[in-house]
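As structure tokens, the structure follows; a few thoughts come after it.
In the working numbering, the protein residues as written are 9 to 429.
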């Protein structure tokens, strides 16, 4: 099937074939849910919109945080297409100028003290490397936050606070302890309970945890505790970083500089999967001493690094970070107002920062029903993995006024539908 619209008959046939292939070769549960919801096929995209097989537009306020620049940003697409026509993958034998320039550029916008960057293919990979660096620097304990999410590969899952994804897979990595998110006293108690060196792995805002923001001053206290107990601070900025929260990094809010930082999502420009782990010179020295201690065939390939470098340049040139903060500041009260008809018995809270917004419902069933209503309004939102009562909005920073009207109208009608039972 091509990238343009098709006739209704062909559309139904194409969708049936896709569902069959999904069921037989990808995942039966995924296919069943898609069939029940009547999900169309996504065939092309541009800006804030995704088009289905009938060329019907859908407003993308989901995407799990990837599309801050929207879909197919022309600068990123052109840069990747140009690289594709020249040299898409590295030999790993010669010098790669794209890798070098992307690492320098990413380090230049990172919090101070993180000069080194290692590019990988996904957020979970970047967390795996962060944990590996901590282990190589003598950290035999990992302290993570309850309801935190860091990925589903074995190491990242070990630090992910959701039994649903851990059950049946244990024992996972040893030496992982969980503390309540936002509770510095609890962290201090665990750090002080054992003289074994630890790393503290945290998100500045828990996205998959339900858009949970810690008390003001918490991140600064965490940094001070890590310094006091010689623990390494690993900040997972995969969903929060590169402008999503209206600042370059979530830890910028309190002027915190971690020892290791992971990033992804927005780094791709919505075009090529890419993530990275940044580290201080001290932490990264183990890789400088032995460059083969960690490697990846596709990590940091020319297509990915060109996409990453171009994305950072667009973020800088077009003031995307500032725009995300300004737009998010306007959207939060507007979204809250649009949902008012549902009342507190249905919607418990609307919260967020920048363009990461969470709508918490009284039950998981209500959240699922709301998600379905929004699908019918042709607005894409995000399910929340570690807080199933929360639906997330992660719109691009390039929303036009008519997109905002579309979003708010859809929220209002969906809330009214829940209120009407």
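All residues carry an ideal CB built from backbone N, CA and C; glycine is no exception.
Does the beta-carbon of residue i have 16 or more other beta-carbons within 10 angstroms, so that it is buried, or is it exposed?
| i | result |
| --- | --- |
| residue 342 | exposed |
| residue 291 | buried |
| residue 103 | exposed |
| residue 82 | exposed |
| residue 73 | buried |
| residue 406 | buried |
| residue 106 | buried |
| residue 91 | buried |
| residue 413 | exposed |
| residue 20 | exposed |
| residue 261 | buried |
| residue 45 | exposed |
| residue 236 | exposed |
Is the shortest distance between the beta-carbon of residue i and the beta-carbons of chain C less than 8 angstroms?
| i | result |
| --- | --- |
| residue 118 | Among the chains of the structure shown, chain C does not appear; only one protein chain is present. |
Determine whether the beta carbon atoms of residue i and residue j lie at a separation below 8 angstroms.
| i | j | result |
| --- | --- | --- |
| residue 386 | residue 64 | yes |
| residue 346 | residue 300 | no |
| residue 270 | residue 244 | yes |
| residue 397 | residue 371 | yes |
| residue 350 | residue 426 | yes |
| residue 2 | residue 322 | Look at the range of the chain in this structure, 9 to 429, and you will see that residue 2 is not part of it. |
| residue 135 | residue 304 | no |
| residue 388 | residue 27 | no |
| residue 255 | residue 337 | no |
| residue 283 | residue 113 | no |
| residue 111 | residue 125 | yes |
| residue 167 | residue 150 | yes |
| residue 239 | residue 280 | no |
| residue 329 | residue 251 | yes |
| residue 93 | residue 219 | no |
| residue 180 | residue 172 | no |
| residue 259 | residue 119 | yes |
Measure the C-alpha to C-alpha separation of residue i and residue j and round it to an integer number of angstroms.
| i | j | result |
| --- | --- | --- |
| residue 9 | residue 61 | With a pLDDT of 48 at residue 9, under the threshold of 50, the modelled position of that residue is not reliable, and the figure given next carries that caveat. Each residue's Cα considered, the two are about 9 angstroms apart. |
| residue 320 | residue 233 | 32 angstroms |
| residue 415 | residue 380 | 14 angstroms |
| residue 360 | residue 310 | 35 angstroms |
| residue 31 | residue 141 | 39 angstroms |
| residue 200 | residue 56 | 48 angstroms |
| residue 221 | residue 131 | 21 angstroms |
| residue 288 | residue 267 | 6 angstroms |
| residue 47 | residue 183 | 42 angstroms |
| residue 479 | residue 54 | Because the chain spans 9 through 429 in this model, residue 479 falls outside it and cannot be assessed. |
| residue 204 | residue 145 | 12 angstroms |
| residue 409 | residue 202 | 54 angstroms |
| residue 353 | residue 429 | 12 angstroms |
| residue 38 | residue 77 | 28 angstroms |
| residue 88 | residue 206 | 40 angstroms |
| residue 198 | residue 277 | 39 angstroms |
| residue 195 | residue 231 | 11 angstroms |
| residue 296 | residue 70 | 39 angstroms |
Could you tell me which residues DSSP pairs with residue i in its beta bridges?
| i | result |
| --- | --- |
| residue 52 | 59 |
| residue 68 | 388 |
| residue 150 | 184, 207 |
| residue 214 | 220 |
| residue 243 | 210, 269 |
| residue 366 | 359, 400 |
| residue 127 | 284 |
Pick from the options: whose alpha carbon is nearest that of residue i?
| i | options | result |
| --- | --- | --- |
| residue 117 | 219, 257, 377 | 257 |
| residue 187 | 176, 175, 170, 180 | 170 |
| residue 249 | 217, 220, 212 | 212 |
| residue 368 | 35, 163, 390 | 390 |
| residue 22 | 51, 45, 218, 38 | 51 |
| residue 185 | 154, 362, 34 | 154 |
| residue 307 | 224, 272, 194, 383 | 272 |
| residue 356 | 402, 417, 403, 423 | 423 |
| residue 148 | 208, 246, 327 | 208 |
| residue 294 | 58, 99, 143 | 143 |
| residue 156 | 265, 242, 24 | 242 |
| residue 401 | 297, 364, 384 | 364 |
| residue 43 | 297, 24, 190, 58 | 24 |
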